[in-house]
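Quick note: the sequence shown uses our numbering, first residue 637, plus one each step.
The beta carbon of each residue, even a glycine, is placed where N, CA and C say it ideally should be.
The structure displayed is predicted, hence computed values, not measured ones.
Below is one structure, written out as structure tokens; the observations come after it.
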Amino acid sequence: MASRPVGRLLDLEYRILESCLELEAASEPVYGFALAQRMSEADGGHGLVGHGTLYKALGRLSKMGLLESNWEVPGDEDQGRPRRRLYRVTGEGARVVSLRPAVVAMIPPARSALA
């Protein structure tokens, strides 16, 4: 598999950053499942993101310095569920989103073996 140029984000990564910013603006906690829901709502449920794909992308964005994350502090209201990893868009992440190219290169769909 060919690697992408350093610093180039995938459409999915832009969508994650944009969804994080939207959740932050609404004072909602930003964690994996909330992001998956937000992204699904944004495209009418047509582009569901697999959680493995989402969490790998969150890790890449963190390594790039576009997101920060930490484990939530347990409280009385969240008894009975595991702690969540909370994300926050960094200043650099917000800057990258604001500079997003108007047209994001799309990978063409795979050709059918029957064609």
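Check, Outcome
"From Gln673 to Ser655, what does the alpha carbon distance come to, in whole angstroms?", "10 angstroms"
"According to the Cβ coordinates, are Leu702 and Val666 closer than 8 angstroms?", "no"
"Would you call Glu664 buried or exposed, if buried means 16 or more other Cβ atoms sit within 10 Å of its Cβ?", "exposed"
"I'd like the list of long-range same chain contacts for Leu659, defined as Cβ closer than 8 angstroms, with 5 residues on each side in sequence excluded.", "Pro665, Val666, Ala670, Leu671, Arg674"
"For Glu704, report the span of its beta strand (DSSP E) as first-last.", "703 to 707"
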